[in-house]
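Take 1 as the starting number for the sequence shown in my numbering and just add one per residue.
Where is the CB? At the ideal position from N, CA and C, for every residue including glycine.
The structure presented is a predicted model; accordingly, all values stated were derived computationally and were not measured.
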Amino acid sequence: MTTIPAFAVVWKEGNGRRFILGSPRASRQAGNTKRYRMIAKDSLEERVRNVPFWFHSIDLGQGIVTPGIKTPAALKKETERLRFPDLRGKSVLDINTWDGFYAYTAERLGAASVTALDFYMWAMDLGEHWNYIQECRAKGVYPKRYETMPYYKPAELPGKCGFDLAHEVLDSKAKAVVGDFMEMDLEKLGQFDVVFFLGTLYHMENALESLKRLSRVTKEVAVIETQASEFPGFASQSVVQFFEAGELNGDSSNWWAPNLTALAAMCRTAGFRRVEVVRGPDIWSHSTPLALLKNLVLSKKLSRVWSYRAIVHAWK
Ligand SMILES: C[S@@+](CC[C@H](N)C(=O)[O-])C[C@H]1O[C@@H](n2cnc3c(N)ncnc32)[C@H](O)[C@@H]1O
């Protein structure tokens, strides 16, 4: 196996000769210490194209970035907002990793070991799933639950191919664990210094129980990023919004959006000692001016609920 530094542009010609270009200094200045497994560029491009759906945009070197619906700019901004604690030398668990962007980020930030866990997205043919979601949107109906769909194939894990390709190319040592976090044996999973619970809480039918389970696997701190709702006039009370079907983003796997007070209270109830608010419902927390406008219009038109993404660090 050959690894090459991130700054290098490498390709292989038909005769097997390799060319490496790049500027180590520029790369170091950019803080780039990634290493990539060497794969011929055209072959890698084809393998990236053959993954039917990418959620994360992951830099695979050679100028190739996977075409995730979470764009590089969005992921950069989100990463900054998460304000990860120092991960150097830590054991990290990324719950519901999908294509693994945050697991690979943890490795890049110096984690000693990383475990990447997922189940639902890995269990589906995501190309077919995405087409179905688009059809539902066009028809104005809510999608059915994942488990009822013909492309739900947990024995085959068709949706894991993006994670696997990135794992190979990034020469990742992250351990992949296939399992539903709510069903699996937590004794076997173990405990981790830092646990990521990103984009996950609102998917949990039993949200409080999921936080209790999160607390059980966390030694130091859990980084929680979630859909949240703020109800003007009720900020000091614990209020949680419930979604019966696909009211939130047309996704029937979304159940709950707590306000910040409820989120903190739930974390404490689940066994965390201290909850640090990293991102609350302030007006500037919107990703774009359009998102702010949408929220202002919707909160006026509908029930005056303010939707946003909250981030907390929950400490043991
Ligand atoms: C929005 S993605 C978050 C991916 C990644 N953690 C991030 O923040 O970019 C939601 C994740 O939750 C998982 N998930 C979705 N529905 C679920 C369900 N009903 N039960 C458990 N996990 C679910 C999916 O497998 C998926 O990886």
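Between residue 130 and ligand 1, is the CB less than 8 angstroms from at least one heavy atom? Counted from its first residue, the sequence shown places residue 130 at position 130. For ligand 1, not one heavy atom lies less than 8 angstroms from the Cβ of residue 130.
Check whether the Cβ of residue 87 lies closer than 8 angstroms to any heavy atom of ligand 1, and answer yes or no. Working through the sequence shown from its first residue, we reach residue 87 at position 87. False, no ligand heavy atom lies under 8 angstroms from that Cβ.
What would DSSP say about residue 42, mapped onto helix, strand or coil?
Within the sequence shown, numbered from 1, the residue matching residue 42 stands at position 42. If DSSP states are grouped into helix, strand and coil, residue 42 belongs with the helices.
Let me check you understand the geometry: is the CB of residue 203 closer than 8 angstroms to at least one non-hydrogen atom of ligand 1? Working through the sequence shown from its first residue, we reach residue 203 at position 203. It does: the Cβ of residue 203 is within 8 angstroms (strictly closer) of some heavy atom of ligand 1.
inquiry  = Closer than 8 angstroms is the cut-off here; do at least three beta carbon pairs connect the stretch 239-257 with the stretch 214-228?
reply    = yes
Minimum C-alpha distance to residue 184 - residue among 314, 70 and 95: For the purposes of this step, residue 184 is taken as residue 184 along the sequence shown, with counting starting at 1. Checked all of 314, 70 and 95; the closest Cα to residue 184 is 95.
Can you tell me whether residue 310 is buried or exposed? The criterion is at least 16 other CB atoms within 10 Å of its CB, across all chains shown.
Here residue 310 is taken as the residue at index 310 of the sequence shown, counted from 1. Burial call: buried.
inquiry  = Classify residue 215: buried if its beta carbon has 16 or more other beta carbons within 10 angstroms, exposed otherwise.
reply    = The residue you call residue 215 lines up with position 215 of the sequence shown. Burial call: buried.
**Asked** Between which two residues does the alpha helix (DSSP H) harbouring residue 224 extend?
**Response** In the sequence shown, the residue the question calls residue 224 occupies position 224. Per DSSP, residue 224 belongs to no alpha helix (DSSP H); it is in the beta strand (DSSP E), 218-230.
To which residues of the same chain is residue 212 closer than 6 angstroms at the C-beta, ignoring the five residues directly before and after it?
One-based indexing of the sequence shown puts residue 212 at position 212. Here the set comprises 270.
- Query: residue 101 lies in the alpha helix (DSSP H); which residues open and close that run?
  - Reply: Within the sequence shown, the letter at position 101 stands for residue 101. Per DSSP, residue 101 belongs to the alpha helix (DSSP H) from 101-108.
Checklist entry - Going by DSSP, what residues sit across from residue 241 in a beta bridge? => result By one-based count along the sequence shown, residue 241 stands at place 241. Paired residue(s): 257.
Q) How long is the line joining the alpha carbons of residue 53 and residue 233, rounded to whole angstroms? A) Taking the first residue of the sequence shown as 1, we reach residue 53 at position 53. Taking the first residue of the sequence shown as 1, we reach residue 233 at position 233. Computed Cα separation, rounded: 41 angstroms.
Task: First and last residue of the uninterrupted alpha helix (DSSP H) at residue 129 - done: Taking the first residue of the sequence shown as 1, we reach residue 129 at position 129. That run of the alpha helix (DSSP H) goes 126-139.
Check your understanding: So the alpha helix (DSSP H) residue 175 belongs to, where does it begin and stop?
Key -> Mapped onto the sequence shown, residue 175 falls at position 175. Per DSSP, residue 175 belongs to no alpha helix (DSSP H); it is in the beta strand (DSSP E), 175-178.
Notebook entry, point to check: CA-CA distance, residue 59 and residue 176?
Noted result: To locate residue 59, count along the sequence shown from 1; it is residue 59. To locate residue 176, count along the sequence shown from 1; it is residue 176. When rounded, the distance between both Cα atoms is 19 angstroms.
Item to check | residue 48 to residue 196 span [Cα, whole Å] | outcome: Reading the sequence shown from its first residue, position 48 is the one you call residue 48. Reading the sequence shown from its first residue, position 196 is the one you call residue 196. Their backbone Cα atoms lie some 26 angstroms apart in a straight line.
To the nearest angstrom, how far is it from the Cα of residue 171 to the Cα of residue 37?
Translated into the one-based positions of the sequence shown, residue 171 becomes position 171. Translated into the one-based positions of the sequence shown, residue 37 becomes position 37. Each residue's Cα considered, the two are about 6 angstroms apart.
Measure the beta-carbon distance from residue 264 to residue 275 and round it to whole angstroms, keeping in mind my assumption that it falls under 8 angstroms.
Counting from one through the sequence shown, the residue named residue 264 turns up at place 264. Counting from one through the sequence shown, the residue named residue 275 turns up at place 275. Rounded, the Cβ-Cβ distance is 4 angstroms, consistent with contact.
Residue 261: which of 44, 147 and 230 sits nearest, CA to CA? Here residue 261 refers to the residue found at position 261 of the sequence shown. Of 44, 147 and 230, the residue nearest in Cα terms is 230.
Item checked: The beta strand (DSSP E) enclosing residue 167, as first and last residue numbers -> Working through the sequence shown from its first residue, we reach residue 167 at position 167. Looking at the DSSP string, residue 167 is not in any beta strand (DSSP E); the run it does join, the alpha helix (DSSP H), is 161-169.
**Prompt:** With a CB to CB cut of under 6 angstroms and the five nearest residues on each side skipped, what residues in its chain are close to residue 218?
**Reply:** Looking up residue 218 in the sequence shown gives position 218. 195 and 316, listed in sequence order.
Would you kindly work out how many angstroms separate the C-alpha atoms of residue 99 and residue 137, rounded to a whole number? As a working mapping, residue 99 is identified with position 99 in the sequence shown. As a working mapping, residue 137 is identified with position 137 in the sequence shown. Straight-line Cα distance between these residues: approximately 24 angstroms.
*What does a CB cutoff of less than 6 angstroms around residue 28 pick up in its chain, not counting 5 residues either side in sequence?*
Along the sequence shown, read from residue 1 onward, the residue named residue 28 stands at position 28. Any reading at residue 28 needs caution, since the residue's pLDDT is 37, under 50, leaving its predicted position unreliable; the model's value is listed next. None.
(Q) Using only the alpha-carbon positions, how far apart do residue 181 and residue 120 sit? (A) Counting from 1 along the sequence shown, the entry for residue 181 is found at position 181. Counting from 1 along the sequence shown, the entry for residue 120 is found at position 120. About 10 angstroms.
Closer than 7 angstroms by C-beta to residue 105: which residues in its own chain qualify, once you throw out the five before and the five after it? Chain order, please. Numbered from 1 along the sequence shown, position 105 holds the residue referred to as residue 105. Around residue 105: 79.
*Under a three-way DSSP split, which group does residue 152 fall into?*
Along the sequence shown, read from residue 1 onward, the residue named residue 152 stands at position 152. Residue state, collapsed to three classes: strand.
Return helix, strand or coil for residue 49, following the three-state DSSP convention. The residue labelled residue 49 in the question sits at position 49 within the sequence shown. Helix, per DSSP.
Between which residues of its own chain and residue 245 is the CB-CB distance below 6 angstroms, once the five residues before and five after are set aside?
Within the sequence shown, the letter at position 245 stands for residue 245. Excluding sequence neighbours, residue 245 sits near 142 and 252.
(request) Starting from residue 79, follow the beta strand (DSSP E) in both directions and report where the run begins and ends. (result) Here residue 79 refers to the residue found at position 79 when the sequence shown is read from its first residue. First-last for residue 79: 72-82, but that is the alpha helix (DSSP H), not the beta strand (DSSP E).
Use the C-beta contact count for residue 107: other C-beta atoms within 10 angstroms, 16 or more gives buried, fewer gives exposed. As a first step, residue 107 is located in the sequence shown; it is residue number 107 there, counting from the start. So residue 107 ends up on the buried side.
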